[in-house]
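Residue numbers (my numbering), protein chains in the order written: chain A, 1 to 162; chain F, 163 to 188.
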Amino acid sequence: RAAQGRTHGNLGNTYYLLGNFRRAVASHEQRLLIAKEFGDRAAQRRAYCNLGNAFIFLGEFEVAAEHYKKALQLARQLKDRAVEAQACYSLGNTYTLLHDYERAIDYHLKHLIIAQDLNDRIGEGRACWSLGNAHTALGNHDQAMHFAEKHLEISKETGDRG
Amino acid sequence: KSRMHAIQVDSVQRWMEDLRHMTEVE
Numbered sequence: 001r002a003a004q005g006r007t008h009g010n011l012g013n014t015y016y017l018l019g020n021f022r023r024a025v026a027s028h029e030q031r032l033l034i035a036k037e038f039g040d041r042a043a044q045r046r047a048y049c050n051l052g053n054a055f056i057f058l059g060e061f062e063v064a065a066e067h068y069k070k071a072l073q074l075a076r077q078l079k080d081r082a083v084e085a086q087a088c089y090s091l092g093n094t095y096t097l098l099h100d101y102e103r104a105i106d107y108h109l110k111h112l113i114i115a116q117d118l119n120d121r122i123g124e125g126r127a128c129w130s131l132g133n134a135h136t137a138l139g140n141h142d143q144a145m146h147f148a149e150k151h152l153e154i155s156k157e158t159g160d161r162g
Numbered sequence: 163k164s165r166m167h168a169i170q171v172d173s174v175q176r177w178m179e180d181l182r183h184m185t186e187v188e
């Protein structure tokens, strides 16, 4: 049964990479079911994240957000700060796709704080870029400028010419 | 698909480009 779980996960990932997002979802849902049977929270977290990603490419952003929230909850339970940051970043981007910029800012700030705690300058730069864009969308030009300047500073430091 | 074409935020576009090749491996 455990091997079946891993196989569903591998199939889900393969369908995803092939661009077959409906089949990816079906496989990852099976993977999730088996992970729940075993009480395997790390595997549940992976399945929720993979499901969220697949729903993004299906254009079902609300459903993606619900899955990323489950992944975030599990990341916190597992006390894995890096994957917690990743879930926050995914939620920030998903709420941007939903044009809910206030929520997007909330999650991008959570991502920024963890990136700073973990001394992840690339993550911090991405958070600032995202926050600058969300504030621009809301017409908060002073805040947008603040984050654009931080993004520029970090990009110079990390050698990101783009 | 029309929703996908409406994406204009460059940081989100970049995230999606990366996401397309990202999987949580078993």
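Cβ atoms here follow ideal geometry from the backbone N, Cα and C, with glycine treated the same way. It should be emphasised that the depicted structure is a prediction, and the values quoted were computed from it without experimental measurement.
Closest residue to residue i among the options (Cα-Cα distance)
i	options	result
A/L91	A/L78, A/L118, A/D80, A/V63	A/V63
A/A144	A/R76, A/A127, A/E60	A/A127
A/N53	A/R41, A/G12, A/L78, A/A82	A/G12
A/N20	A/E37, A/Y48, A/I56	A/I56
F/T185	A/L32, A/R22, A/N10	A/N10
A/A71	A/A42, A/Y95, A/T94	A/A42
A/R6	A/D40, A/L17, A/L18, A/R23	A/D40
A/Q4	A/A24, A/L17, A/L32	A/L32
A/E181	A/A87, A/A134, A/K110	No information on residue 181 of chain A is available, as it lies outside the stretch 1 to 162 that chain A covers here.
Per-residue contacts from residue i into chain F (C-beta, under 9 angstroms)
i	result
A/L17	R182, H183, T185
A/S130	V171, S173, V174, W177
A/N140	In chain order: nothing, as chain F lies at least about 15 angstroms away.
Min CB distance residue i to chain A below 8 angstroms
i	result
F/E179	no
F/M166	Confidence is the limiting factor: at F/M166 the pLDDT is only 47, short of 50, which leaves the residue's position unreliable, though a coordinate-based value still follows. It does: the Cβ of F/M166 has a partner Cβ on chain A nearer than 8 angstroms.
F/K163	For F/K163, the predicted model reports a pLDDT of 40, less than 50, meaning its position is unreliable and no value from the coordinates is stated.
The alpha helix (DSSP H) enclosing residue i, as first and last residue numbers
i	result
F/M172	One point to set straight first is that residue 172 of chain F is Asp, not Met, in the sequence displayed. Element bounds for F/D172: 172-181.
A/L18	2-18
A/E84	81-97
A/N133	121-138
A/R31	21-38
A/L51	41-57
A/L74	61-77
F/M184	Segment: none, F/M184 is in no alpha helix (DSSP H) and carries neither H nor E.
A/L112	101-117
A/E153	141-158
Contact with chain F by residue i, beta-carbon distance below 8 angstroms
i	result
A/R46	yes
A/S155	no
A/N20	no
A/I56	yes
A/R81	no
A/H146	no
A/A6	Correcting the residue type first, residue 6 of chain A is Arg in the shown sequence and not Ala. At least one chain F Cβ lies under 8 angstroms of A/R6.
A/N163	Not covered by the structure: residue 163 of chain A. The range shown for chain A is 1 to 162.
A/N93	yes
A/N53	yes
A/N13	yes
Chain-ordered neighbours of residue i on chain F, where CB pairs are closer than 7 angstroms
i	result
A/T96	V171, V174
A/N50	T185, E186
A/G9	E188
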